[in-house]
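>
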Amino acid sequence: MAKKKLSDLSDLGGFVFSTNEAFELESEDTLETLAPQEQQLEALFSNKGRGGKTVTVLKGFVGTAEDLKSLGKKIKTKCGVGGSVKDGEILIQGNYRDKIIALLKKDGYRVKRVGG
């Protein structure tokens, strides 16, 4: 089996090695959070891969992890249910898609209903 040839440094998977003591790594993780009017969120209902439990998934948020967590906490509080924030998605326990869409639209977000 032949080895894969590296075309550039990004093929190393983000590994950085430097002998320069004053080297500072510039992180691309510092995203600025877009205004609610510029956000394009998707709300969908899912139960796959969760042991049959139903969840409402919110995708498409562009911004920092802290802002995503605070939005998730606000939604969980307003709906009175549990949930989590994982992999850039907000997971809300139960089928609260319509309530979440109404709540987010009231705050100025653009939310699209995905699925049936």
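Position 107, counted from 1, in the sequence shown is what the working numbering calls 232; the numbers after and before it change by one each time, with no gaps.
The C-beta atom is built at its ideal place from N, Cα and C for all residues, glycine as well.
1. Could you tell me which of 167, 211 and 202 sits nearest to residue 191, measuring between CA atoms?
2. Just the C-alpha distance for residue 110 and residue 180, rounded to the nearest angstrom, thanks.
3. Can you give the Cα-Cα distance for residue 158 and residue 221, rounded to whole angstroms?
4. Return the CA-CA distance between residue 200 and residue 174, expressed in angstroms with no decimal places.
5. Can you tell me which of 228, 189 and 227 puts its alpha carbon nearest to the alpha carbon of residue 213?
6. DSSP three-state label for residue 202, please.
In this structure, then:
1. The sequence position of residue 191 within the sequence shown is 66, counting from 1. Checking every option, the nearest Cα to that of residue 191 belongs to 211.
2. Missing from the structure shown is residue 110; the chain here goes from 126 to 241 and no further.
3. Along the sequence shown, read from residue 1 onward, the residue named residue 158 stands at position 33. Along the sequence shown, read from residue 1 onward, the residue named residue 221 stands at position 96. Residue 158 and residue 221 have their C-alpha atoms some 25 Å from each other.
4. Within the sequence shown, the letter at position 75 stands for residue 200. Within the sequence shown, the letter at position 49 stands for residue 174. When rounded, the distance between both Cα atoms is 23 Å.
5. In the sequence shown, counting from the first residue as 1, residue 213 sits at position 88. For residue 213, the closest alpha carbon among the candidates 228, 189 and 227 is that of 189.
6. For the purposes of this step, residue 202 is taken as residue 77 along the sequence shown, with counting starting at 1. In this structure, residue 202 counts as helix in the three-state DSSP scheme.
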